[in-house]
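First comes the structure, then the notes that go with it.
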Amino acid sequence: MSLNERQNQILNWVQQEDALLVEEMVARFNVSSQTIRKDINQLAERHLVRRTHGGIAPVSSTENLPFDHRQFLNSEAKFWIAGQVAEMIPDGASVFLGIGTTVEYVAKALVSHKNLQVFTNNLTVAGIFGHYPEIRVRVLAGKLRHRHHDLVGEETLSGLKQYYFDYGVLGCGGMDEEQGILDFDPEEAAVSRVLVEQSRHSLLVADQHKWGRKAMARVQTFSKIDYLFTDSLTETQIHLLTTQGVKIQLGS
Numbered sequence: 704m705s706l707n708e709r710q711n712q713i714l715n716w717v718q719q720e721d722a723l724l725v726e727e728m729v730a731r732f733n734v735s736s737q738t739i740r741k742d743i744n745q746l747a748e749r750h751l752v753r754r755t756h757g758g759i760a761p762v763s764s765t766e767n768l769p770f771d772h773r774q775f776l777n778s779e780a781k782f783w784i785a786g787q788v789a790e791m792i793p794d795g796a797s798v799f800l801g802i803g804t805t806v807e808y809v810a811k812a813l814v815s816h817k818n819l820q821v822f823t824n825n826l827t828v829a830g831i832f833g834h835y836p837e838i839r840v841r842v843l844a845g846k847l848r849h850r851h852h853d854l855v856g857e858e859t860l861s862g863l864k865q866y867y868f869d870y871g872v873l874g875c876g877g878m879d880e881e882q883g884i885l886d887f888d889p890e891e892a893a894v895s896r897v898l899v900e901q902s903r904h905s906l907l908v909a910d911q912h913k914w915g916r917k918a919m920a921r922v923q924t925f926s927k928i929d930y931l932f933t934d935s936l937t938e939t940q941i942h943l944l945t946t947q948g949v950k951i952q953l954g955s
């Protein structure tokens with residue numbers, strides 16, 4: 704059973720906070736406390752939030768939500784972001800598609816491109832291109848993370864360093880105005896960090912809800928990224944990014 708829109712919003716909200724109280728959610732969504740408690744029960748039963756006295760908290764700052772639960776979260780923004788990335792990448796390019804559900808949307812948007820050479824450690828991405836034999840795909844070796852359908856570790860990093868891609872597309876676990884790009888797992892962060900180094904053009908794909916998420920592993924400062932594709936930014940965030948040389952592709 705999929706989450707309803709209010710539950711999706713609660714899930715996004717709690718990942719940007721240390722804790723949320725039932726009263727805060729009642730006030731924001733203008734529903735009864737009984738309705739909110741039903742939402743909490745459903746989220747907690749799926750291990751998407753942790754119950755606290757009077758409310759909820761994120762499950763962890765060291766582990767992202769399971770891939771299957773992230774896949775449809777903020778899907779409209781991810782669909783728009785993916786379309787904009789696909790417009791930038793020309794036929795005949797070499798592309799590395801990294802970890803994350805937004806990157807999966809990018810893969811779907813690229814399937815009509817011609818003569819692409821795709822590299823990835825994202826098994827869902829590899830599966831998408833498996834239906835399109837005209838697109839050449841190379842999957843890097845590594846350690847399987849079952850919950851996230853991807854490969855990480857020293858073999859993955861070693862494989863990445865053998866290439867220099869036209870475009871590197873990466874997602875992230877969180878964004879912080881001081882720390883830059885963040886992820887939940889140090890091995891995941893290491894892959895994204897090397898991906899940026901091994902790409903002529905680095906493209907970060909992240910919806911607005913990644914700001915303030917409690918991910919612990921640093922990937923890169925924003926100054927290392929060429930482009931950010933996102934659905935919404937504050938004026939402060941726009942200034943922060945542009946002063947660090949990031950080109951912004953913004954819309955919804």
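Sequential numbering from 704 applies to the sequence shown in the working numbering. C-beta: ideal position from N, C-alpha, C; glycine also.
Apply the 10 Å Cβ neighbour rule to residue i and answer buried if 16 or more other Cβ atoms are within range, or exposed otherwise.
i, result
"Ala844", "exposed"
"Thr859", "buried"
"Ala892", "buried"
"Ala730", "exposed"
"Glu857", "exposed"
"Thr945", "exposed"
"Ser797", "buried"
"Asp864", "Here residue 864 turns out to be Lys, not Asp, going by the sequence shown. Answer is exposed; the Cβ neighbour count stays below 16."
"Glu748", "exposed"
"Lys913", "buried"
"Glu807", "buried"
Can you tell me the Cα-Cα spacing of residue i and residue j, whole angstroms?
i, j, result
"Gly948", "Pro793", "23 Å"
"Asn707", "Tyr866", "42 Å"
"Ile951", "Gly830", "30 Å"
"Gly833", "Glu727", "46 Å"
"Thr817", "Gly795", "Per the sequence shown, residue 817 should be read as Lys rather than Thr. Looking at the two C-alpha atoms, the distance is approximately 6 Å."
"Asn733", "Asn744", "18 Å"
"Asp721", "Pro836", "46 Å"
"Met791", "Thr805", "16 Å"
"Glu757", "Leu906", "It is Gly, not Glu, that sits at residue 757 in the sequence shown. Cα to Cα, Gly757 sits roughly 40 Å from Leu906."
"Ser895", "Trp716", "25 Å"
"Thr738", "Arg709", "10 Å"
"Glu900", "Phe782", "26 Å"
"Leu943", "Val908", "17 Å"
"Asp853", "Thr827", "8 Å"
"Ile784", "Lys811", "12 Å"
"His750", "Asp742", "13 Å"
"Tyr956", "Val897", "Any property of residue 956 remains undetermined from this structure, which presents the chain solely from 704 to 955."
"Arg839", "Gly862", "17 Å"
"Leu819", "Thr937", "35 Å"
"Tyr930", "Arg754", "37 Å"
"Ala918", "Ser815", "34 Å"
For my contact list, residue i and residue j are in at a C-beta cut-off of 8 Å; report their separation, rounded to the angstrom.
i, j, result
"Gln787", "Phe932", "5 Å"
"His851", "Ile928", "About 22 Å separates the two Cβ atoms, so there is no contact after all."
"Asn824", "Val855", "7 Å"
"Val725", "Ser735", "Contact doesn't hold; Cβ gap of about 10 Å is too wide."
CB residue i to CB residue j, shorter than 9 Å?
i, j, result
"Ile713", "Val752", "yes"
"Leu953", "Val872", "no"
"Val821", "Ala789", "no"
"Ile884", "Arg921", "yes"
"Asp910", "Asp934", "yes"
"Glu880", "Gln940", "yes"
"Arg916", "Gly877", "yes"
"Arg903", "Phe868", "yes"
"Leu653", "Ala760", "No answer is possible for residue 653: the residues shown for the chain start at 704 and end at 955."
"Glu779", "Lys846", "no"
Please decide whether residue i counts as near chain D, where near means a Cβ-Cβ distance under 9 Å.
i, result
"Thr805", "This model lacks chain D altogether, as it is built from one protein chain only."
**Asked** Going along the chain, which unbroken runs of the alpha helix (DSSP H) with 4 or more residues stay wholly within the stretch 836-910?
**Response** Complete alpha helix (DSSP H) runs here, min 4: 857-863 and 889-900.
**Item:** Completely contained beta strand (DSSP E) runs for the stretch 729-762, where each covers 3 or more residues
**Value:** Counting whole runs of 3 or more residues, the stretch 729-762 contains the beta strand (DSSP E) stretches 752-755 and 758-761.
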